[in-house]
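Below you'll find the structure, written out as structure tokens, and then a few comments.
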């Protein structure tokens, strides 16, 4: 699947898909990487090392700082796939690359492609492309 790379980088991980926007400020615990927003279907799940798919992020620029802290302590998502490009998560990802040398790519896809993404698929994000694998499938 073709994507637009807002923040370059590559990731290979399991997908967690949220149908609503998720705010990292107040919605994610920066010390554990777990979703704490009670309205989220991902509440209680760890974002660490996962590719988080959601239509768009939610909240203020404080989410940039939360993502940056997660990158610093090694509990950030591996990447983001969004329908709508935005600067909040992208800023955290870019600063994380610059300060800590950690890639957390941020890609956008058309809504029809987003709708095809399913929870727990395995994805590879690389050079503006998204490759989808089923668990156990040969890579």
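Numbering (the working numbering), first residue to last: 53 to 191.
Glycine included, each C-beta is placed from N, C-alpha and C at the ideal position.
Quick caveat: nothing in here was measured; it's all calculated off a predicted structure.
Asked, Found
"Sorted by chain position, which residues of the same chain lie with C-beta nearer than 8 Å to residue 228's C-beta, five sequence neighbours on each side aside?", "Nothing can be reported for residue 228, as the shown portion of the chain is limited to 53 through 191."
"Under 8 Å by Cβ, that's how I've got residue 103 and residue 175 pegged, so tell me the actual separation to the nearest angstrom.", "5 Å"
"Can you check DSSP and say which residues form a bridge with residue 65?", "175"
"Alpha carbon to alpha carbon, what distance is there between residue 184 and residue 172?", "10 Å"
"Helix, strand or coil: which one does DSSP assign to residue 120?", "helix"
"If the criterion is Cβ atoms closer than 8 Å, does the pair residue 120 and residue 140 meet it?", "no"
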